[in-house]
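Visitor: One line per chain: the protein sequences are S and X, in this order. Quick note: the first sequence uses my numbering, first residue 1, plus one each step. Quick note: the second sequence uses my numbering, first residue 1001, plus one each step. Below is the structure I would like to discuss, written out as structure tokens.
Protein chains: 2
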Amino acid sequence: MVEETAIPTLADVAARAGVSTATVSRVLNSPDKVAPKTRERVARAVADLGYSPNFGARVMAARQTKTVGAVIPTMENAIFAKGLQAFQEALHEYGYTLLVASTGYDAEVEDAQIRALVARGADALLLIGHSRGRGLYDFLARQEVPAVVTWAVRPDDAGAVPSIGFDNRQAMRELAGHVIGLGHRHLALISAEIAQNDRAAERRAGVRAALADKGLSPDALIYVETPYGFDEGSVAFAQVMAKRPRPTAVLCGNDVLAAGALRQARAMGLDVPGEVSITGFDDIDLAQILHPPLTTVRVPHRDMGRQAALALIGHLTGAAPLSSATLDTSIVLRDTLAPPGHT
Amino acid sequence: MVEETAIPTLADVAARAGVSTATVSRVLNSPDKVAPKTRERVARAVADLGYSPNFGARVMAARQTKTVGAVIPTMENAIFAKGLQAFQEALHEYGYTLLVASTGYDAEVEDAQIRALVARGADALLLIGHSRGRGLYDFLARQEVPAVVTWAVRPDDAGAVPSIGFDNRQAMRELAGHVIGLGHRHLALISAEIAQNDRAAERRAGVRAALADKGLSPDALIYVETPYGFDEGSVAFAQVMAKRPRPTAVLCGNDVLAAGALRQARAMGLDVPGEVSITGFDDIDLAQILHPPLTTVRVPHRDMGRQAALALIGHLTGAAPLSSATLDTSIVLRDTLAPPGHT
DNA sequence: GTGGTAACTGTAAGCGCTTACATTTGATTT
DNA sequence: AAATCAAATGTAAGCGCTTACAGTTACCAC
């Protein structure tokens, strides 16, 4: 056991196989360029040594990593999971690896994570939402790292990063419109924090637009903003129900807040949807597990993820320029929404 | 606009600041070794150029990446999220970055992801559970990448990767023991798939042990194994309730399956816990959102994540050898468990 | 046999960065 | 003002890999 203890390198493999490093590199990257015999000998050496290429060196020499990064606000729940899963699957089909970093909805952390991923050689990036400093986009441009934004669209700004997402405002506007159409006049909105979160901002704008559509005053909207979480949703619901006139429908910026709201409603002995209607947004699996099942907005998570991946890959391989796409959402009527009742 | 279009390198910065590359490198890595004036000049050049260090090159030259990787079965739900979050936070405190890869509970994918992370220069790894090929551990050893296993412990095998987790078997044994103590005699277990998943296997073993403890036959356990998911839980519950003697308590391998089971019970018009008790495992947030709130096993997610991070960091900095730790779990009695009732 | 060609394989020049070591600078001391 | 030494900076040698280019072989057609 006088084993060489250092981590084996290409050169070690080459030596053991009695070939040059170039040949080893070839069998690793384009096996068909090497004679079967040599290839096998090298393969054996690789196996014997337990050799694994040093990625850093490879990246440096080859200028591409076949990995794409995704920076998401949180892994704490399923909101981004489905889409990311599809994204990952599509990437995998094309031989790319996905690396995920999360930010906890913190802009500074996001900045750092994006830079970390780029520095680490991500060939491309998936970002959530548009709201981040101009500087970051400049940085990406300078580093020549293509990026695509999902979970949102920005129709107005042609110069920004392309987005493959959906129209948060329009979706919420439709849902709120439907709620109002049912006869609700006193609406409340429990929103995620809007600073740094354009999806939340857009959704609120959607509710206001719907109010305006129906000739109601957006100012009458009872509004509470809260961090993300079940408990936060519960607390916000209690707050909102304490207002007068008491809302007959409580729209929530996402399903998680809605779940918290629903729980609180039960705790308060309120019948849903008899005494108060509650809606969510995202249609994550949770929405169907709740009781009653949650009325919400369905987002094409998987489609979005896959399309984003294909767009990025298409761009990386030079097949097509990156372009935006807007996917459709739909309202999923389940059992937490009904016309305003007694009281 | 005759901007140099190439990505700026250390040398570019050095040239612009009128210093050597060594100096630039120093202001980037140990600013205090550089005169304030120079430092500032370099900083300006960095900013002007929008320079960002090439990670690959840095890794290669410096031999460490300050990043640790985590390979988890799935991001589709909150099971690993809490622990990972804590893991990440602790890493962050020490200047490390976390990179996450998921496997979809597929051993081959896991193998690939682990290698990818190592190749990418992860200084250390967080793994879930013990069940994977010996070869992988050899690989890690050879690459000198320390790893720690979480969500499980393996008391018997001293040679393996150290683990910072909890005793799945014992935890489940206690829960099942409690259920039996309540008077239940007909138990069912809805388990996650056991192949490749030692946590699930251990939990099942725990139920069997509890049965044996009380002098009941482990063979009488109604057992269904299913992939992960709400719907899967529902289906499994229906299967299990079709068996005779009909179980009065249905233990689930995790909270997600339990949530599905609970929904199915409602769909079948079964009162929980009046007609049938249901329990989960993990105590993810979801457990409290369900109605009725789920009786389950609390796992010290955050503690586990943090301790794993600290252990890894301690090892990387040479402060302490990696060693195992077993954390305590506890039974959380909520409202889905009661003594067997009528019927 | 020869020359020509295709198929392999080797040589060596970087990729962008860190860092040991050498050199220069500038205080401080005498 | 010379000597001394610490602080600041520069020089240059790699880190492990890819790849353009050059050199070898092996094989065929003539």
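For each residue, glycine too, the CB sits at the ideal point set by N, CA and C.
Alpha carbon to alpha carbon, how far is histidine 130 of chain S from aspartate 198 of chain S? Give it in angstroms, no decimals.
Guide: Those two C-alpha atoms are separated by around 7 Å.
Visitor: Would DSSP call tyrosine 1223 of chain X helix, strand or coil?
Guide: Tyrosine 1223 of chain X falls in the strand class under three-state DSSP.
Visitor: So glutamine 1196 of chain X and alanine 1107 of chain X are supposed to be a Cβ contact under 8 Å. How far apart are they, rounded?
Guide: With a Cβ gap of about 5 Å, glutamine 1196 of chain X and alanine 1107 of chain X count as contacting.
Visitor: Can you list, in chain order, the residues of the stretch 1284 to 1308 of chain X whose Cβ is nearer than 8 Å to any Cβ on chain S?
Guide: So the list reads Asp1285, Leu1286, Gln1288, Ile1289, Leu1290 and His1291, given in the order they occur along the chain.
Visitor: With 7 Å as the limit, tell me which residues of the stretch 178 to 192 of chain S have their beta carbon closer than that to any beta carbon of chain X; keep them in chain order.
Guide: Those would be none; no residue qualifies.
Visitor: Which residue wins for smallest C-alpha separation from serine 74 of chain S, given the options S/Leu125, S/Asp167 and S/Tyr228?
Guide: Here residue 74 of chain S turns out to be threonine, not serine, going by the sequence shown. Closest by alpha carbon: S/Tyr228.
Visitor: Going by DSSP, what residue range makes up the beta strand (DSSP E) through threonine 1150 of chain X?
Guide: 1147 to 1150 is the span of the beta strand (DSSP E), which, as asked, contains threonine 1150 of chain X.
Visitor: Assign glycine 1018 of chain X to buried or exposed, taking buried as 16 or more other Cβ atoms, counted over all protein chains shown, within 10 Å of its Cβ.
Guide: Exposed is the call here.
Visitor: Taking Cβ-Cβ distances shorter than 8 Å, what residues in chain S pair up with serine 1352 of chain X?
Guide: Past the boundaries of the shown model lies residue 1352 of chain X; chain X is included only from 1001 to 1343, so the question cannot be answered.
Visitor: Have a look at alanine 258 of chain S and aspartate 328 of chain S and give me their C-alpha separation to the nearest angstrom.
Guide: About 22 Å.
Visitor: Please state if the CB of phenylalanine 166 of chain S and the CB of alanine 308 of chain S are separated by a distance shorter than 8 Å.
Guide: No, these two residues do not count as a Cβ contact at 8 Å.
Visitor: How many whole angstroms separate the CB atoms of aspartate 1401 of chain X and aspartate 1283 of chain X, which I take to be in contact at a CB cut-off of 8 Å?
Guide: This structure leaves residue 1401 of chain X out entirely; chain X is present only between 1001 and 1343.
Visitor: By the three-class DSSP mapping on this structure, what secondary structure does alanine 1101 of chain X have?
Guide: DSSP places alanine 1101 of chain X in strand when its eight states are reduced to three.
Visitor: Per DSSP, what kind of secondary structure is threonine 1295 of chain X in: helix, strand or coil?
Guide: Reduced to three states, the DSSP call for threonine 1295 of chain X is strand.
Visitor: In terms of alpha-carbon separation, which member of X/Val1042, X/Asn1029 and X/Lys1037 lies closest to serine 1020 of chain X?
Guide: Minimum Cα distance to serine 1020 of chain X is reached at X/Val1042.
Visitor: With valine 164 of chain S and valine 148 of chain S assumed to form a contact (beta carbons below 8 Å), what rounded beta-carbon distance in angstroms separates them?
Guide: The identity of residue 164 of chain S in the sequence shown is isoleucine, whereas the question assumes valine. About 6 Å separates the two Cβ atoms, so the contact holds.
Visitor: Please confirm whether any heavy atom of the ligand ADP lies closer than 7 Å to the CB of serine 1163 of chain X.
Guide: The ligand ADP is absent from the structure shown, which contains no ligands of any kind.
Visitor: Hey, could you find the ends of the alpha helix (DSSP H) alanine 86 of chain S is sitting in?
Guide: Residues 81 to 93.
Visitor: So is alanine 86 of chain S in contact with chain X if we call contact Cβ pairs under 8 Å?
Guide: Chain X, which has no Cβ nearer than 8 Å to the Cβ of alanine 86 of chain S, makes this no.
Visitor: In three-state terms, what does DSSP make of serine 163 of chain S?
Guide: Reduced to three states, the DSSP call for serine 163 of chain S is strand.
Visitor: Answer with buried or exposed for glutamate 1110 of chain X, where buried requires no fewer than 16 other C-beta atoms within 10 angstroms of its C-beta.
Guide: By the 10 Å Cβ count, glutamate 1110 of chain X comes out buried.
Visitor: Using 8 Å for Cβ pairs, my map puts alanine 1122 of chain X next to threonine 1065 of chain X. What's the rounded Cβ distance?
Guide: Going by Cβ atoms, the distance from alanine 1122 of chain X to threonine 1065 of chain X rounds to 7 Å, so yes, they are a contact pair.
Visitor: Going by DSSP in three states, aspartate 1048 of chain X sits in which element: helix, strand or coil?
Guide: Note: aspartate 1048 of chain X maps to helix in three-state DSSP.
Visitor: Closer than 7 Å by beta-carbon distance: list the chain S residues that pair up with glutamine 1143 of chain X, in chain order.
Guide: Near glutamine 1143 of chain X (Cβ distances below 7 Å), the residues of chain S are Ile7 and Ser52.
Visitor: Under the rule that 16 or more other beta-carbon atoms within 10 Å means buried, what is threonine 279 of chain S, buried or exposed?
Guide: When all chains shown are included, threonine 279 of chain S counts as buried.
Visitor: For the candidate residues S/Ala141, S/Leu175 and S/Trp151, whose alpha-carbon lies nearest to that of alanine 160 of chain S?
Guide: Looking at the Cα atoms, S/Ala141 is the closest of the given residues.
Visitor: Does the distance from the CB of alanine 1078 of chain X to the CB of aspartate 1285 of chain X come in under 8 Å?
Guide: Cβ distance < 8 Å, so alanine 1078 of chain X and aspartate 1285 of chain X count as in contact.
Visitor: Mark proline 339 of chain S as exposed unless 16 or more other C-beta atoms lie within 10 angstroms of its C-beta, in which case mark it buried.
Guide: It is exposed - the Cβ of proline 339 of chain S has fewer than 16 other Cβ atoms within 10 Å.
Visitor: According to the Cβ coordinates, are valine 1276 of chain X and proline 1292 of chain X closer than 8 Å?
Guide: No, they are not a contact pair.
Visitor: Please tell me whether arginine 1244 of chain X has its Cβ less than 8 Å away from any Cβ of chain S.
Guide: It does not; no Cβ of chain S falls within 8 Å.
Visitor: Who are the Cβ neighbours of serine 1330 of chain X in its own chain at under 6 Å, not counting the five residues just before and after it?
Guide: Hits under 6 Å: Arg1298.
Visitor: Between which residues of its own chain and arginine 204 of chain S is the CB-CB distance below 8 Å, once the five residues before and five after are set aside?
Guide: Excluding sequence neighbours, arginine 204 of chain S sits near Met172, Leu189, Ser191, Ile194, Tyr223 and Gly253.
Visitor: Quick one: list the residues of chain S neighbouring asparagine 1266 of chain X, beta-carbon separation under 8 Å, in chain order.
Guide: The displayed chain sequence assigns arginine, not asparagine, to residue 1266 of chain X. The contacting residues are His291.
Visitor: For tyrosine 1051 of chain X, which residues of its own chain have a beta-carbon under 6 Å away from its beta-carbon, when the five flanking residues on both sides are left out?
Guide: Excluding positions up to five away in sequence, the list reads Pro1008 and Val1013.
Visitor: For lysine 33 of chain S, which residues in the same chain have their Cβ closer than 7 Å to its Cβ, ignoring the five residues on either side in sequence?
Guide: Same-chain partners within the cutoff: Arg26.
Visitor: In this structure, what does DSSP give as the bridge partners for isoleucine 1278 of chain X?
Guide: Isoleucine 1278 of chain X pairs with X/Val1250.
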